[in-house]
Amino acid sequence: MMSAVDYLLDRSSAALLVFVAAAALSHVVRLSPARRIAIGLIAIAAAVLIPISTRSAFDWIVSALERPSSPGLLLLALFAISAVTGQRFDRGSEFRFGTAMLVLVGVLLYPGAVGFLNYDPYALGYSGYVLPLALVLLLAYALFRRYFFIVAALNVGIIGFLLEAGRSLNLWDYVIDPLAWLLAIGAWITIAIAAVIRKAKPASSVVA
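Counted the way our numbering counts, the sequence shown spans residues 7 to 214.
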């Protein structure tokens, strides 16, 4: 049973990423949500069938992406829903807080993890109380603000770590992953651009 779950989780990031990209590109023309879902599924099937060297394009994407953390999987699911329905989540305070935390944590974590800093904060995920305490404080704030999706995603990640449900023995890998960090950065770039456009519109109307 766990091997089947591992198999699906290992490929979930790649499948959702291909689906989101294809469904989002379909917004160029006016299509129903059902057709966007179909386009996303066709893109996944095409990636599986298209060979590149000795492997399929989908397998190459899988090898490039790590297994998603639970917050990363939630973020990918939100992007998929947005790509299909056109619904915007970036105006919600919970979405903004969650993605801001991913951006901040990624900035603190990944430069040291890849050797740009003398200190590697990734080691905090193996032992000690700093990371667990930070997660407790984050959970407490999320509960106070009623950010229940964030609470659920973090709890799933923490429980997965405690049960050793994944291959990693590092707590970081259960609460953040590189793809989630990049998607969160992309989300905040979109939020910033939208804010600039909103501020520019009243100014242009006054000039007119």
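Each residue gets a CB set at the ideal place from its N, CA and C atoms; glycine is no exception.
All figures in this text were calculated on a predicted structure; none of them were measured in a lab.
>> For Tyr128, which residues in the same chain have their Cβ closer than 8 Å to its Cβ, ignoring the five residues on either side in sequence?
In response: Sequence index remark: in the sequence shown, residue 128 carries index 122 (1-based). Around Tyr128: Leu115, Gly118, Ala119, Asn176, Trp178.
> My guess is that Val109 and Trp194 are in contact by the Cβ rule of under 8 Å, so how many angstroms apart are they, rounded?
Replying inline: One-based indexing of the sequence shown puts residue 109 at position 103. One-based indexing of the sequence shown puts residue 194 at position 188. That pair is a contact at about 6 Å.
> At what residue ranges does the segment 58-97 contain a whole run of the alpha helix (DSSP H), taking only runs of 4 or more?
Replying inline: Within the segment 58-97, the complete alpha helix (DSSP H) segments at least 4 residues long are 63-70, 76-91, listed from N- to C-terminus.
> Taking just the CA atoms, how far does Gln93 sit from Ile165?
Replying inline: Within the sequence shown, residue 165 is the residue found at index 159, counting from 1. Within the sequence shown, residue 93 is the residue found at index 87, counting from 1. Near 30 Å, if we compare the C-alpha coordinates of Gln93 and Ile165.
>> Short of 7 Å in beta carbon distance, which residues of its chain neighbour Glu100, apart from the five on each side in sequence? Order them along the chain.
In response: Within the sequence shown, numbered from 1, the residue matching residue 100 stands at position 94. Spatial neighbours of Glu100 in its own chain (CB-CB distance under 7 Å, excluding positions within 5 residues in sequence) are listed in chain order as Tyr153, Phe155, Ile156.
> Given that a residue counts as buried once 16 or more other Cβ atoms are within 10 Å of its Cβ, and exposed if not, what is Thr91?
Replying inline: By 1-based counting over the sequence shown, the position of residue 91 is 85. Thr91 sits exposed, since fewer than 16 C-beta atoms from the chains shown fall within 10 Å of its C-beta.
> Helix, strand or coil for Ala171 per DSSP?
Replying inline: As a first step, residue 171 is located in the sequence shown; it is residue number 165 there, counting from the start. Residue state, collapsed to three classes: coil.
>> Is the beta carbon of Leu84 closer than 8 Å to that of Pro74?
In response: Counting from 1 along the sequence shown, the entry for residue 74 is found at position 68. Counting from 1 along the sequence shown, the entry for residue 84 is found at position 78. With respect to the 8 Å criterion, Pro74 and Leu84 are not classified as neighbours on the basis of their beta carbons.
> How should Leu137 be labelled, buried or exposed, when 16 other C-beta atoms within 10 angstroms of its C-beta is the threshold for buried?
Replying inline: As a working note, residue 137 is residue 131 in the sequence shown. Under this definition Leu137 is a buried residue.
> Using the rule of at least 16 other Cβ atoms within 10 Å of the residue's Cβ for burial, across every protein chain shown, is Tyr180 buried or exposed?
Replying inline: Here residue 180 is taken as the residue at index 174 of the sequence shown, counted from 1. Label assigned to Tyr180: buried.
> Where Ile56 and Ile45 are concerned, what is the direct C-alpha to C-alpha distance, given to the nearest angstrom?
Replying inline: As a first step, residue 56 is located in the sequence shown; it is residue number 50 there, counting from the start. As a first step, residue 45 is located in the sequence shown; it is residue number 39 there, counting from the start. C-alpha separation (whole angstroms): 16 Å.
> Since Phe150 is in the alpha helix (DSSP H), which residue starts that stretch and which ends it?
Replying inline: In the sequence shown, counting from the first residue as 1, residue 150 sits at position 144. Looking at the DSSP string, the run of the alpha helix (DSSP H) that includes Phe150 is 136-150.
> Thinking C-alpha only, which one of Leu168, Pro39, Val162, Thr105 is nearest Ser133?
Replying inline: In the sequence shown, counting from the first residue as 1, residue 133 sits at position 127. Checking every option, the nearest Cα to that of Ser133 belongs to Leu168.
> What is the residue span of the alpha helix (DSSP H) that Pro215 lies within?
Replying inline: Here the chain covers residues 7 to 214 and nothing more, so residue 215 does not appear.
> Starting from Pro39 and walking both ways along the alpha helix (DSSP H), at which residues does that stretch end?
Replying inline: As a working note, residue 39 is residue 33 in the sequence shown. Under the DSSP assignment, Pro39 falls in the alpha helix (DSSP H) whose first and last residues are 39-55.
> What are the start and end residues of the alpha helix (DSSP H) that includes Val181?
Replying inline: As a first step, residue 181 is located in the sequence shown; it is residue number 175 there, counting from the start. Unbroken alpha helix (DSSP H) run through Val181: 178-181.
> How would you label Ile43, buried or exposed, when you count the other beta carbons within 10 angstroms and need 16 or more for buried?
Replying inline: Here residue 43 refers to the residue found at position 37 when the sequence shown is read from its first residue. Classification of Ile43: buried, given that the 10 Å Cβ count is 16 or more.
>> Buried or exposed, going by whether 16 or more other CB atoms sit within 10 Å of the CB of Thr105?
In response: For the purposes of this step, residue 105 is taken as the residue at position 99 of the sequence shown. Thr105 should be labelled buried.
>> Just to confirm my understanding: we take Leu123, look at its own chain, exclude 5 residues before and 5 after, and list those with CB closer than 6 Å. What are they?
In response: Stepping through the sequence shown from its first residue, residue 123 is reached at position 117. If we look at Leu123 and ignore the five residues flanking it on each side, its Cβ neighbours are Pro117.
>> Can you list, in chain order, the residues of its chain with a C-beta nearer than 8 Å to that of Leu23? Leave out the 5 residues immediately preceding and following it.
In response: Translated into positions along the sequence shown, residue 23 becomes position 17. Spatial neighbours of Leu23 in its own chain (CB-CB distance under 8 Å, excluding positions within 5 residues in sequence) are listed in chain order as Ile67, Leu71, Leu82, Leu185.
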